[in-house]
Each structure stands twice: as C-alpha cells, then as structure tokens.
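Notes to accompany the following structure.
Numbering (the UniProt record's numbering), first residue to last: 1 to 254.
Structure follows, in structure tokens:
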C-alpha cells in the first residue's frame, strides 16, 4: 500500500472497501478482490478526498464499468463545505468513475451497513469548520460477534476531540484500531485511546516516508494499550485480521 490507506472488509455475504490508496495500489486491490472471489462491492467509502486514500478508486471504478466480474453498488464520501471541495485531477477522476458506474455519490450520514454476520456503523465527521481535509474523515465501527474494529481515515486531534465531546463515541470500544493519519503525532490522542481501549493497532505507512510516520509519540501512546500488538504496513506489508465472532487471528504479508 505504501504511503496510502485501504481496508477491505469481507463477510460471507458482503464486502466493503474503505479507501483505495494511491493510484499505484489499484492493481493490487483488484488482485485481492479476485483472490477472495469478490464480484460485488456493496460499498466503496472514500474517507476523505486525498490522493493517498482515493487515488486507486478511479482504476477500480473504471474496471467495474468495463468488466462484468465486478459490480460496485454504492459509493460514499464525506460532506464537505464548498470551500473544501477539491479540484484535483484525482478527485475529478474519482467522480468520473462514479458516473461511469451509474452511481450517485452518497454524502456520509450516521447509518449502519448490514454485512450479515457483521455490521458497519458509519460515523461522519462531527463538524464543518476544520482547516484540514483530514478531519472531515469518515470513521467507521465494525462489530462481528464479540469482536470490534474502528477505522479512522486520517482523523487527527481536532476530529477526535469533537467525536468525543459530541458523544459520537459513547459506548464504543474497539479491539482493533486502524490508526488515524498513518500514525502522525497529532493522531491517536490519549483521550481518544482511553475511550476506544484498543488491544491491536494497524498503522498504514510507506517505508522510508518523508513524513516521519509513524511518529514515536503516537506509537508510545498506542503501546500503552496494545503493547507489542502494533502492526505497520511498511514492515509487515498487508495485514489481515480475521474474526470468528469471538477470537481474532492476525496474519501478515511479510
């Protein structure tokens, strides 16, 4: 995945793709879909319109529009104020791909996606006045039996603070945290982690990236909850976490 972000959630009856990394990640994602025998994505979710999160979607959408072995049923992105809507070529290609599949881009609202043996609760960004697109990230809470996962996009301190103060995380704890913003210093704050109480953490970051991700301070905070159960994609490659509803199994590419 490199310095990007993508999570594929698969149950016996449904599949959801959260983000699709940079454009260069698209072929790997398509290969994964074929490997798992996935011919339908119930939802694709672009947590926020940065190229390292939605860059792979145009290729995937174009493939689905031109081939019968992949159908994309729904697409979601955050609600943005007009001043924050990007004009990048990546975002334009994303919108073109949505149109090519006859889809309407659904603005994120509080909702639950039924995935059969699991449910995915969508938690939209709670405010409309952030200075960074990162803090408009869609978050998502996946429950499968007694196990749970929390996905964050690039949410950092301002969004985490608002999610907590507005009660959006009340009653939510997660066994697994997909760490926000590639493990930047401004993500995974003490208060946020105290609410979620994760036992496992996954950080998506590129080897030798120029941003210093993950930051040692963020890793230190995560270690207070997860100990050594922290996986980094720059070291482990693709991280797969399977749930039988009671237990979690972690496997890595490397």
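For glycine and all other residues, C-beta sits at the position ideal for the given N, C-alpha and C.
- Sequence-distant Cβ neighbours of residue 223 in its own chain, meaning closer than 8 Å and more than five residues away, are 230.
- In this structure, residue 144 places its C-beta atom within 7 Å of the C-beta atom of residue 118.
- Comparing alpha carbon positions, the residue from 13, 23 and 31 closest to residue 43 is 13.
- Membership of residue 232 in the beta strand (DSSP E) is indicated by the continuous run 230 to 232.
- Inclusion of residue 56 and residue 25 in the CB contact set at 7 Å is warranted, their separation being smaller than that value.
- Taking every protein chain shown into account, the CB of residue 178 has 16 or more other CB atoms within 10 angstroms, so this residue is buried.
- Rounded to whole angstroms, the gap between the alpha carbons of residue 140 and residue 182 is 16 Å.
- Taking C-beta separations shorter than 8 Å and ignoring five residues to either side along the sequence, the partners of residue 191 in its chain run 160, 161 and 164, following chain order.
- Along the segment 99 to 140, the beta strand (DSSP E) occurs as fully enclosed runs of 3 or more residues at 105 to 107, 111 to 114 and 119 to 123, listed in sequence order.
- Residue 38 sits in coil when the DSSP states are folded into three classes, being neither helix nor strand.
- The segment 122 to 131 makes no contact with the segment 91 to 98: fewer than 3 CB pairs, one atom from each, lie closer than 8 Å.
- In the DSSP assignment, residue 249 forms a beta bridge with 242.
- Distances from the alpha-carbon of residue 4 to those of 15, 16, 22 and 10 put 22 closest.
- For residue 60, the closest alpha carbon among the candidates 48, 101, 50 and 78 is that of 101.
- Between the alpha carbons of residue 120 and residue 107 lies a distance of about 16 Å.
- With fewer than 16 other CB atoms across the displayed protein chains lying within 10 angstroms of its CB, residue 111 is exposed.
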